[in-house]
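Notes follow the structure.
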Amino acid sequence: MTTPTTRRDLPPRYDAAAVEPPIYERWLSSGAFTPAPEPPPGAERFVIIMPPPNVTGALHNGHAVFVTLEDTMIRYHRMRGDDTLWLPGVDHASIAAQFVLDRIIAEEGETRASLGRERYLERMWQFMDETRGVIGRQMHRLGASADWSRERFTMDPISARAVRVAFKRLWDAGLAYRGEALVNWCPRCRTTISDLENKPRDVTGTLWTVRYHLVGPDGKPDPAEVIRVATTRPETILGDTAVAVHPDDERYAALVGREALIPFVNRRVPIIADAAVERDFGTGAVKITPAHDADDYEMGRRHGLPMISVLDEDARINEVGGDLAGLDRYDARREMVARLEAAGDLEGERPHQMVVGHCDRCGTVVEPRLSVQWFIRAAPLAERALASVREGRTRIMPDHQEKVYAHWMENIHDWAVGRQLWWGHRIPAWYCPDGHITVSDAEDGPDACAECGRPSAELTQETDIFDTWFSSGLWPFSTMGWPEETPDLRRFYPSSVMETGPDILFFWVARMMMLGLFCTDVEPFHTVYLHGIVRGEGGVKMSKTKGNVVDPLEVVESIGADALRYALVAGTAPGMDQRLTAAKLDGARNFTNKLWNATRFVLGSRPETMADPEGEPSLAERWIASRLAAAQERATGQLDALDMSGYAGSAYDFAWSEFCDWFIEMAKVELRREDATDGERARVWRAAAGALGGTLRILHPLMPFVTEQAWSFLHEADPRATDGEPLLVSARWHAGGERNHDAEAAVGGLVELVRGLRNLRTETGMPPGEWRHLVVAAAEPHAQEVLATGGRYLEALARGRPVEVLPPGAAGDRPAGVVASPLGAAWYAADDSGPEAVERRRAQAEHLRRGIDRLRALLANESFVARAPAEVVERERARLAELEAQLRQLGE
RNA sequence: GGGCGAUUGGCUCAGCUGGUUAGAGCGCACGGUUCACAUCCGUGAGGUCACUGGUUCGAAUCCAGUAUCGCCCACCA
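The structure is reproduced here in structure tokens:
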């Protein structure tokens, strides 16, 4: 008949390290994370594709943030009964992975070159096998309820196929091309990088002024006539093919059209006029090196100038440089300066603040380099991607990021998509000896040249690989098996929310939008949710060198995943940076402990023998049911709106301030009444158990572990409290419960009185534990009924004994202080004649009169009464009445 | 050089479409050892909502401008 255990033996501390791992195992073995074979009939769809972390990385706070947010969203929708999928995966991160592996093999005395492509890639796969999975296991510890059976990798065969097919389609559509252009070259990584990976940094360089001799009428350098140019990069003089001045610059007007002689290489170059030249900068004349500077490149194209590369792929001077050949660019710079000085052609030098691009990965100064590269024509793709957001088919949160996105899309450049690396998807392009290009999506490549039919044996494949972000850009659908029309693709594409960091809005989100629309004709997701960066104490970016890194795994070990998750979500806003401080983590830990102890209370107060419930629900029961319904409604609205922080806050407030602070205290009154029958106690306990269950449901998406553990105890104690659901992870979300406004108003009034009376005790120095005769004057007949039944709460919570309820209109004595609520006024009867009481009474009366005066003035303002909404006016009137009643009871 | 965001008690942050006396947590002060929890309970102090104007019966909230901080984008050698 009775359930044996009530778990009275639980420790008063939530022990996360002991509780959480077994809970995760239970979830995994329950299969709760994997969608049912068929979507539930009529279910809505909710899908998140996880941003794939780099295989090489260890879990950091950025991961913890996205795991928490996405897991919370997914768990909520799973509880709603939606057709839900959260698909995890990892990214091969070609340049980042090579950077890491290069360091590892360096310790083994090897280099990329010494191993060669084949062995290097073998080594990479070995490395991948070692490190893949690591981050997945760490995400388990955070509670990530992803469908691990669908875990994907950007280098797996399905992704490889998607990459080939997508590229072939781009090529066929004329949106991929191969051509010569100036690209960002990292001489250390020895690869092209995109504009996005080329990070500008402020540096102090040197601006040299150099004299170029003009060519005289006889075709020889004129020792007397010179043009002075300013440069920060003397080593590129070797590649100069013009000197440019502003067309309106009178100083140089006569020189335009003549020729100057480039030092050392003795190249005769024209002096040209171009409006891009700033007259006020330097000497107003600039040397033009189209192969080594973006501006010069543009100018070179405008004027049809030769483009001469003087640096090789290691950024050393090449054969053009004669005896300088082989010198590193900086050595060459010093040498060049020395030689110019020796020749008397160095006219000056001064320090110069400038912005120089650095490799995002390794920090090396990026070298603009002229080379033949694969590009993706971005403008047509961007146009569609922009329209999707402008027209609301994809929404970006926070809203203002839409402008950032739009600005980038409007000014987009073609995407240099090839990388001279090894680890990645090789570009599926083949060259035939006649120079034809064949792009093929077949796994084994083309059978023959697409143009001249030469057999495949005579074709050679492109050695460049794709930028990592190309395969990432296909992620929302390559994970579903695209281009095959798989059941998953039909069922789970497009996805619902793309949740990621604002730092990869362009790198990734923009590319997914462009490629998604191109490949599938549909926006790859409906909402982009951008979270903020996690910062340390004082708002400083966390970094190992600063030593302010909070390691999420350490936090999880000490205080649990739930606490970390709460701390990462509460008090944040999309797109806003947040601070993760020790104090915040402490607060979150305290909250999990609070839930644990609320559960201990409910379990421990379960009657030994559970009788059949009897009697009408008490005020406490009616109140908590109504407040729970309110909390559910609020949380539902917030989660639907992706207001994650608002949800965390409201759930916290409900659990702590309403369920624990007031309901449990009132439930104690009911459970411990001496005149209560077993049936009544059973009824109250069930209400408490039900309310706890409801609280756990609300909090589960954010704090899955402690709620799941509590749920299992609750289920054990009484399965009716859990609707017979053994696992909270697959229990249903509750919403739409009925509110009871009478009960809410009644308890609201009682709470006001209790607070006021406690204040009165403190203010008047009344010992907190001392029982006192409490008088309550009802404001009206209904309030008198409420007070008659709610009096027992006043007794316990305001230490009133006896509690005397006076009918409406009853006159008061002259107490030392009065508190009021819509229910009526209350005071402790006794000791009202001492000088302290008199003074206190006088002060309170004065304070009341000030409030009354202000409200009377406000209500006498015709404009206010006429224009403010009726309910606002009514509220002010009620408040005035309350203050007046209070003053009356004071007897002043 | 453009664009975006932020500015609310000592600290970290809430305050939606303008409407009671601007909230919470931490910290602080005072008081609490009975059977959920001292990782707790109760009470309190503390804010001219960055500044200046404007709209309004009413502005932290809307508009314009200013200041400070932060981020992003940008081809002056």
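Count along the first sequence from 1, add 319, and you get the number used in our numbering. No residue lacks a Cβ here, since even glycine has one placed at the ideal position from N, Cα and C. Keep in mind that this is a model prediction, so the values were computed, not measured.
Contact check for residue 758 against residue 487 passes: the beta carbons are separated by less than 8 Å. Look at residue 462 here: in three-state DSSP terms it is coil, with no helix or strand label. When DSSP reads this structure, residue 402 sits in a beta bridge with 364. For the pair residue 680 and residue 415, the CB atoms are nearer than the 8 Å cut-off.
Distances from the CA of residue 874 to each of 770, 1012, 1015, 901 were compared; the closest alpha carbon is that of 901.
If you draw a 10 Å sphere on the C-beta of residue 993, you find fewer than 16 other C-beta atoms in it, and that means exposed. One thing to note: residue 354 has its Cβ no nearer than 8 Å to the Cβ of residue 390. Secondary structure of residue 612 (DSSP, three-state): coil. Assigned with DSSP and collapsed to three states, residue 838 falls in helix. The beta-carbon separation of residue 781 and residue 829, rounded to 25 Å, does not stay under the 8 Å limit for a contact. Taking the Cβ atoms as the reference, residue 1117 lies roughly 14 Å from residue 1134, outside the contact range of under 8 Å. With a threshold of 16 other beta carbon atoms within 10 Å, residue 695 meets it and is buried.
When the Cα atoms are used, residue 1090 and residue 1113 turn out to be separated by approximately 11 Å. Non-local C-beta neighbours of residue 602 in its own chain, meaning closer than 7 Å and more than five positions away in sequence, comprise 528, 547, 548, 549, ordered along the chain. DSSP places residue 1017 within a helical segment (H, G or I) once states are collapsed to three. For residue 817, the secondary structure class from DSSP, reduced to helix, strand or coil, is strand. Exclusion of the five residues before and after residue 584 leaves 557 as the residues of its chain whose Cβ lies within less than 6 Å of its Cβ. Put simply, of 1169, 609, 662 the residue whose alpha carbon is nearest the alpha carbon of residue 625 is 609. The distance from the Cβ of residue 1111 to that of residue 1192 is about 36 Å, inconsistent with a contact at the 8 Å cut-off. When DSSP assignments are scanned along the segment 590-659, the uninterrupted stretches of beta strand (DSSP E) that are 3 or more residues long and fall wholly within it turn out to be 604-607. From the listed residues 888, 968, 1005, the smallest Cα separation to residue 937 is found for 1005. Within the segment 738-823, the runs of alpha helix (DSSP H) at least 4 residues long that lie entirely inside it are, in chain order, 787-792, 794-797, 806-811. Nearest C-alpha to residue 705 among 716, 727, 684: 727. Judged by DSSP in its simplified three-state form, residue 571 adopts coil rather than helix or strand. Assignment of residue 884 by DSSP, reduced to helix, strand and coil, places it in the helix class.
Closest by C-alpha distance to residue 621, out of 633, 634, 632, 607, is 607. Annotated three-state conformation of residue 987 is helix, per DSSP.
In the three-state reduction of the DSSP assignment, residue 826 falls in the helix class. Check the Cα spacing between residue 422 and each of 1130, 816, 439, 406: the tightest is with 439.
In this structure, residue 1205 and residue 1177 do not form a Cβ contact; the two beta carbons are roughly 18 Å apart against a cut-off of 8 Å. A straight line joining the alpha-carbon of residue 383 with that of residue 582 spans about 58 Å.
Under the DSSP definition of a beta bridge, residue 694 partners with 496, 735.
The beta carbon of residue 894 sits closer than 7 Å to those of 717, 720, 821, 849, 851, all from its chain and outside the five residues before and after it, given in chain order. Using a Cβ distance threshold of 8 Å, residue 911 and residue 1048 do not count as a contacting pair. Distance check between residue 489 and each of 693, 1186, 1042, 1200 places 693 closest, using alpha-carbon atoms only. Rounded to the nearest whole angstrom, the CA to CA distance from residue 684 to residue 650 is 14 Å.
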